[in-house]
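Right, one structure below, let's go through it.
Residue numbers (the numbering used here): 191 to 700.
Structure follows, in structure tokens:
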């Protein structure tokens, strides 16, 4: 198993990873939606990636696959992006960059298996759709505006036939986005879903894992209380330059939170992560290419500075939080007993033979190490918001308690290979994240656990982008998320708000 793709293969196996490697995908469009898709395809391990667009590097564009230095301005975007994709995943067999709008004459020699149209251009979408119908290959059409984005799929029948203009074509043209400026947040959510649709066209987990039906459109809309509505009028806009953000965790979710914050122009971003970049991170943590062995927080701060030179990005190579045994003992004892019950329910062959004593339990999960960021240090920074991008329930519990005690809005994200969710805490408006997710009863982490988990780029891209979308709403004064935003690639809607878990009684004084 190649280390770079090891987390992918844990999700879907080496045979399906090989199917991805043998696939050829053409992407039309190099705005931010197209760049997110291209980065996602590189993370997936698509063997041949073709990109086609005639845009040039321009200062002020939302870019992360090409830089905007003085020498870069005016250069072909496709050439810059090709170089970055080859750095993100050197094992890609071929990256072909064509500086042109989409045309059949240029696309045909490449023989793509799938086309992703990530433009907002009606003529380009008409051409990509007609090409897909003519040569009987799937086309995934995605577009983005300032606060909403959409994706639709057309898989033509085996028999060659013209596309029906009134039905098949209309859903792919995305006329509502024509000439709109694409945004990173909405574009990031839909790009993740579009990459999932590419994966579904290449292989399926099982019979329930089906691509979108022809003409069905998936919408992500920050103006909508459901986040998937079409036209609920609100004016969602926010200015971020004076905001201070803390991002806890620079892994898969944290990568896309930091990327979106940098693209939106957040003034101050502090990143906390104690880990170093490893090769198996690179399938989903797209900003760490070429930096293996270095501290994640420091690498991320440096990448943010390249994307937005005006941002004040600082790195804390530390673990999140340090407990006070006197102050925190009540909730620690409750958590200790909860984990004991979970331990008792586990298989005797996989759990540790003896449940640890209270002191050992606390030391292991919360520690007394010096490399922990103290709550006093966090409090004195005066953050406007905290993003929890952690896969450790103990750190998430600590962050939740800290946010409640200090009345700081907290957005928590979690992912698995086939799902993800966002929960939001706004002081005085919502219950805390622990109330919503019941963090104490999440999967226990055994004392000896070193087992790797499957983690892929799509769910991390969707959830990390959606977390920043919730921040945009909060700072705009719009109503916060009423429930848990869930990403489920097996559901018809792909995204939905789950209100069931909000029934838990409020705890921690939230």
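Here a beta-carbon is modelled for each residue, glycine too, at the ideal position from N, C-alpha and C.
Nearest neighbour of residue i, chosen from the options [CA to CA]
i           : options               : result
residue 647 : 278, 245 and 466      : 278
residue 594 : 393, 494 and 621      : 621
residue 582 : 548, 510 and 329      : 510
residue 629 : 363, 462, 327 and 580 : 580
residue 307 : 456, 616, 649 and 227 : 227
residue 299 : 286, 310 and 311      : 286
residue 462 : 475, 444 and 479      : 444
residue 328 : 255, 652 and 404      : 404
residue 667 : 599, 477 and 388      : 599
residue 393 : 689, 203 and 587      : 203
residue 578 : 623, 218 and 649      : 623
residue 235 : 215, 651 and 548      : 215
residue 602 : 434, 643, 650 and 568 : 650
residue 208 : 519, 312 and 282      : 282
residue 206 : 336, 320, 382 and 388 : 388
residue 223 : 192, 341 and 198      : 341
Backbone CA spacing between residue i and residue j [nearest angstrom]
i           : j           : result
residue 467 : residue 295 : 42 Å
residue 684 : residue 377 : 15 Å
residue 487 : residue 456 : 17 Å
residue 303 : residue 386 : 15 Å
residue 682 : residue 401 : 9 Å
residue 657 : residue 612 : 6 Å
residue 504 : residue 571 : 12 Å
residue 407 : residue 334 : 13 Å
residue 418 : residue 553 : 43 Å
residue 430 : residue 454 : 7 Å
residue 497 : residue 452 : 6 Å
residue 636 : residue 545 : Here residue 636 scores only 48 on pLDDT, less than 50, and its place in the model should not be relied on; the value that follows carries that caveat. Looking at the two C-alpha atoms, the distance is approximately 9 Å.
residue 675 : residue 240 : 33 Å
residue 616 : residue 625 : 13 Å
residue 475 : residue 516 : 38 Å
residue 469 : residue 479 : 9 Å
residue 619 : residue 495 : 34 Å
residue 331 : residue 317 : 11 Å
residue 542 : residue 609 : 28 Å
residue 664 : residue 591 : 20 Å
residue 439 : residue 260 : 32 Å
residue 322 : residue 524 : 58 Å
residue 247 : residue 390 : 32 Å
residue 366 : residue 310 : 9 Å
residue 257 : residue 548 : 51 Å
residue 442 : residue 604 : 10 Å
residue 374 : residue 435 : 17 Å
residue 232 : residue 409 : 24 Å
residue 195 : residue 607 : 13 Å
residue 449 : residue 243 : 23 Å
residue 654 : residue 265 : 30 Å
residue 292 : residue 446 : 28 Å
Bounding residues of the beta strand (DSSP E) (the contiguous stretch that carries residue i)
i           : result
residue 611 : 609 to 615
residue 460 : 458 to 462
residue 732 : Since the first residue shown for the chain is 191 and the last is 700, residue 732 is missing from the structure and cannot be characterised.
residue 578 : 575 to 578
residue 685 : 685 to 688
residue 662 : Element bounds for residue 662: not the beta strand (DSSP E) but the alpha helix (DSSP H), 647 to 666.
First through last residue of the alpha helix (DSSP H) which encompasses residue i
i           : result
residue 589 : 583 to 596
residue 408 : Segment 407 to 411 is the beta strand (DSSP E) holding residue 408; no alpha helix (DSSP H) there.
residue 604 : No alpha helix (DSSP H) contains residue 604, which is instead part of the beta strand (DSSP E) from 600 to 606.
residue 210 : 196 to 211
residue 675 : Here residue 675 belongs to no alpha helix (DSSP H); instead the beta strand (DSSP E) covers 674 to 677.
residue 550 : 548 to 555
residue 489 : 486 to 497
residue 388 : 374 to 392
residue 361 : 360 to 363
residue 319 : 312 to 324
residue 193 : Looking at the DSSP string, residue 193 is not in any alpha helix (DSSP H), and its letter there is neither H nor E.
residue 622 : Residue 622 -> no alpha helix (DSSP H), and no H or E assigned at all.
residue 295 : 294 to 297
residue 516 : 515 to 535
Per DSSP, the bridge partner or partners of residue i
i           : result
residue 289 : 243
residue 417 : Residue 417 is not bridged to any residue.
residue 342 : 331 and 407
residue 434 : 458
residue 502 : 458
residue 148 : Summary: the structure shown does not reach residue 148, with the chain confined to residues 191 through 700, and so no result is reported for it.
residue 306 : 217 and 330
residue 284 : 238
Segments of 4+ residues assigned as alpha helix (DSSP H) that fall wholly inside the stretch 230 to 282 = Given a length threshold of 4 residues, each whole run of the alpha helix (DSSP H) inside the stretch 230 to 282 is given here in chain order: 267 to 278.
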